[in-house]
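Novice: Would you mind keeping the following structure in view while I ask a few things?
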Amino acid sequence: SLLVVVQRYHHHRSCVVSRKTVLEPTTMVSLKLQKRLAASVLKCGKKKVWLDPNEINEISLANSRRNIARLKRDGLIIKKPTVVHSRARVTLRNEAKRKGRHTGRFLI
269 SLLVVVQRYH HHRSCVVSRK TVLEPTTMVS LKLQKRLAAS VLKCGKKKVW LDPNEINEIS
329 LANSRRNIAR LKRDGLIIKK PTVVHSRARV TLRNEAKRKG RHTGRFLI
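Count the sequence shown with the numbering used here and you get residues 269 to 376, in order.
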């Protein structure tokens, strides 16, 4: 059976907007403990932990660091790569500023 949820919220001060959402009856399992343990085992933050969405049932059974380490070996839990924060645009802008661009002067 489908579950229909109607949300009402104020779009502006005067008008109220209704939105219908159809939800499939799925049981979501909380993986907060597993994510925290995985972050500890992988020596990273929780943001960097990837849990395989296809193996949620197996991951939810892991309740110890040893089990999490086993799942890491099996590839169900992976440490995401670090996000690159490139300075290429800053370097280009600084080169232009050395030439006198982007200074806001000479506006007559």
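No residue lacks a Cβ here, since even glycine has one placed at the ideal position from N, Cα and C.
Between the C-alpha atoms of residue 322 and residue 343, what's the straight-line distance to the nearest angstrom?
Specialist: Their Cα atoms are separated by approximately 12 angstroms.
Novice: Helix, strand or coil: which one does DSSP assign to residue 317?
Specialist: Residue 317: strand per DSSP, three-state reduction.
Novice: Run the CB neighbour count on residue 364, radius 10 Å, all protein chains shown included, and call it buried at 16 or more, exposed below.
Specialist: Exposed: under 16 other Cβ atoms inside 10 Å.
Novice: With a cut-off of 8 angstroms, do at least 3 Cβ pairs link the region 325–340 to the region 297–307?
Specialist: Judged by Cβ distances under 8 angstroms, the region 325–340 makes contact with the region 297–307, as three or more pairs qualify.
Novice: Between which two residues does the beta strand (DSSP E) containing residue 348 stretch?
Specialist: Here residue 348 belongs to no beta strand (DSSP E), and DSSP marks it neither H nor E.
Novice: Drop a sphere of 10 angstroms on the beta-carbon of residue 310, count the other beta-carbons inside from all chains shown, and report buried for 16 or more, exposed for fewer.
Specialist: Burial call: buried.
Novice: Using a 10 Å radius around the Cβ and a threshold of 16 neighbouring Cβ atoms, would you call residue 317 buried or exposed?
Specialist: Buried.
Novice: Can you give me the start and stop residues for the alpha helix (DSSP H) that residue 326 sits inside?
Specialist: 324–329 is the span of the alpha helix (DSSP H), which, as asked, contains residue 326.
Novice: If you measure between the beta carbons of residue 315 and residue 367, is that distance less than 9 angstroms?
Specialist: Their beta carbons are not under 9 angstroms apart, which means residue 315 does not touch residue 367 by this criterion.
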